[in-house]
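Numbering-wise, the sequence shown is residues 34 to 575 according to full-length UniProt numbering. All residues carry an ideal CB built from backbone N, CA and C; glycine is no exception.
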Amino acid sequence: SSAPELAYQAGGSPLAGEEMHQNINPKAPPMTKAEFAQARQIYFERCAGCHGVLRKGATGKPLTTDITLERGTEYLKTFIKYGSPAGMPNWGTSGELSDAQVDLMARYVQQEPPTPPEYSLADIEKTRKVLIPVDKRPTKKMNKYNLDNLFSVTLRDSGEIALIDGDSKQIISIIKTGYAVHISRVSASGRYLYVIGRDAKINLIDLWMEHPDTVVEVKVGLEARSVETSKFKGWEDKIAVAGTYWPPQYVIMDGDTLKPQKVVSTRGMTVDNEYHPEPRVASIAASHYKPEFLINAKETGKIMMVNYSDLNNLKTSTINAAKFLHDGGFDRTGRYFFVAANASNKIAVVDTKEDKLAGLVDVGKTPHPGRGANFVHPKFGPVWATGHLGDDSIALIGSDPVKHKQYAWKMVASIQGQGGGSLFIKTHPKSKNLWVDTTLNPDPAVSQSVAVYDIDHLDKGLVRLPVGEWAGLGDGAKRVVQPEYNKAGDEVWFSVWSAKDKQSAIVVVDDKTRKLKAVIKDPRLVTPTGKFNVFNTQHDIY
Ligand code: DHE
């Protein structure tokens, strides 16, 4: 079933904590103020990820009051309690919601949705704190760290990142970031690290300082997932961009001060020419071919190529792809960007030199590549690969339109993985291994191990490695997530992600021998998930 996808999308929203007015709909069953507040919180924690803040529908059905009032309380209660084969979770029978809470939610969705506030450029600017101005920062690297092999590690539930020295495996520092911190990106020079939390707070960290730390903080909205920095020649480190889920917009900032310069809304028509009021900004990538950002709007299925060289005369090419755009990465040449339209079961390929859609490829159910994996297949030539949340397949897509034209933008192979619930896949130009996690698989034996393939002999199938067991954490729920290589490409790092109050670890595997090389354990490593090697992130190596 689709359990892993649902667990993934119902991850909670910082909007749950927002004070929003109670909107009394006279036609709806009554609610007290306290009931409304509790229901609003549950909605943002459990429901908004699929049904949207405004309930206009995304991967879940629309829940606007014209629909819910017609269905009525009893029908809605049954639906919420038992779920549906179409993908609604069984919130009641699974034990996640009590009968009283099910009743509460059935009444709540018949009230008008409370709308979170907008967030203007002035609102953003008000939150900005420059802790160390540009002229007080170092003019060269002031520490002895091998920055190329530094890892920024997301500590999800403590709202921090750990900077870990890849050579010594020592924690250099723990830095406080936004709520349920999400991803890190690295500037073109490798000096600046940009970290974004789900509460849309960005930390700009200067890695040249004697003790790398935050130099600027800003909150760019109420909820966010993505941040990126300019990479085109001549624009290194100059511009930053962040995309928000709420409000649905993106903001372009100065790269070294995060001073907001331009806010652009993503509200508008979908690829099917229907209006959507809440197109969340999903992944963002920086073009290597033009002074442009590639910005993916989830619900509309549109990809914007936004030119940052003249913000007052903003030029944007809008590419129609497919609805539900989410995560993705470049091919190895850096010209083609592959992005999952996850609930459409497709991968869109963008040519960032021509600003055109190169292909739209049908893959398995709910592709989830992270940034994907690039390698040279013995028969098909260069390919880009993705795993899936909804099935156990790994799709290989031809990525060389010159020497392997017949395979380009086609799914050339679908190989079998160890199960659904995969989030991330990875390899490295120096490696012959392809690593695939299965973090959200319901079977602990699967979610606590990883699959590895020999790229030259994919037909030999996978080898399962018990990475979770290697962490030596004993019993308890723990999930293995996100392979990430070191700079040399001879080690691959995995997070062993336990509950917030339990010990977690990072397991380092020797890429050549596939044997355990090191376990990084420290009480400060609370819920590690994403890991971002500075050099590989800076240069889009994956
Ligand atoms: Fe992520 C990337 C959104 C849940 C770990 N995640 C992304 C990106 C988006 C996104 C849009 C691409 C950013 C980019 O490239 O610019 N993630 C979302 C969600 O909306 C979702 C489904 C639900 C939520 O409540 O947030 C979600 N993500 C998760 C998790 O539960 C994960 C596994 C653990 C965690 O830390 O929260 C998680 N997401 C990651 C990671 C990346 C990511 C590690 C970057 C991968 C990379 O290699 O670049």
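For the pair P310 and I204, the Cα-to-Cα distance works out to about 43 Å. If you draw a straight line from the Cα of N340 to the Cα of G361, it comes to about 20 Å. Within the same chain, W241, M242 come within 7 Å of P171 by CB-CB distance, once the 5 residues on both sides are set aside. Contact annotation: the region 335-350 touches the region 287-298, with at least three C-beta pairs closer than 8 Å. DSSP places G423 outside any alpha helix (DSSP H), giving it a letter other than H or E.
Straight across, the Cα-Cα distance linking L456 with H244 is about 33 Å. Between the region 167-182 and the region 97-116 there are fewer than three inter-stretch CB-CB distances shorter than 8 Å, so the stretches are not counted as touching. With contacts defined by Cβ atoms closer than 9 Å, I317 and V260 form a contacting pair. Sequence-distant partners of G44 (beyond 5 residues in either direction) whose C-beta falls short of 7 Å from its own C-beta, in its chain, are G82.
Rounded to the nearest angstrom, the Cβ distance from Q481 to K511 is 6 Å, consistent with a contact under 8 Å. H490 counts as exposed, since fewer than 16 other C-beta atoms from the protein chains shown sit within 10 angstroms of its C-beta.
Going by C-alpha positions, R73 is about 18 Å away from A91.
K379 is bridged by DSSP to A374, D395. Distance check between D156 and each of Y227, V284, Y278 places V284 closest, using alpha-carbon atoms only. Taking 8 Å as the cut-off, one finds at least one heavy atom of the ligand DHE near enough to the beta carbon of Q515. Following the DSSP letters along the chain, one finds H54 in no beta strand (DSSP E), marked with neither H nor E. Here V435 is exposed: its Cβ has fewer than 16 other Cβ atoms, across all protein chains shown, within 10 Å.
Counting C-beta atoms within 10 angstroms of its own C-beta, K438 has fewer than 16 neighbours from the protein chains shown and is therefore classed as exposed. For I235 and T562, the gap between their C-alpha atoms comes out near 18 Å. Taking C-beta separations shorter than 7 Å and ignoring five residues to either side along the sequence, the partners of V469 in its chain run G420, I427, G450, S455, I458, V483, A484, following chain order. Look at F112 here: in three-state DSSP terms it is helix. By the CB criterion at 9 Å, V514 and T472 fall inside the cutoff.
Distance from the C-beta of F370 to the nearest heavy atom of the ligand DHE is not below 8 Å.
For R218, the beta-bridge partners assigned by DSSP are Y227.
Rounded to the nearest whole angstrom, the CA to CA distance from W279 to V559 is 27 Å. Distance between S217 and N569, taken at the CA atoms: about 12 Å. In this structure, L102 and A139 do not form a Cβ contact; the two beta carbons are roughly 11 Å apart against a cut-off of 8 Å.
With respect to the 9 Å criterion, Y518 and S447 are not classified as neighbours on the basis of their beta carbons.
Fully contained in the UniProt domain "Cytochrome c" (67-146) is no beta strand (DSSP E) run of length 3 or more. Excluding residues up to 5 positions away in sequence, P293 lie with their Cβ nearer than 6 Å to the Cβ of E158 in the same chain. Taking 8 Å as the upper bound for CB-CB distance, R365 and P415 are in contact here, some 6 Å apart. Going by C-alpha positions, V86 is about 47 Å away from P411.
Taking 9 Å as the cut-off, the Cβ atoms of E325 and P312 do not count as close.
Between the region 345-362 and the region 372-389 there are three or more C-beta pairs closer than 8 Å, enough to call the two in contact.
E387 is classed as exposed because its beta carbon has fewer than 16 other beta carbons within 10 Å across all chains shown. Taking 9 Å as the cut-off, the Cβ atoms of E151 and S220 do not count as close.
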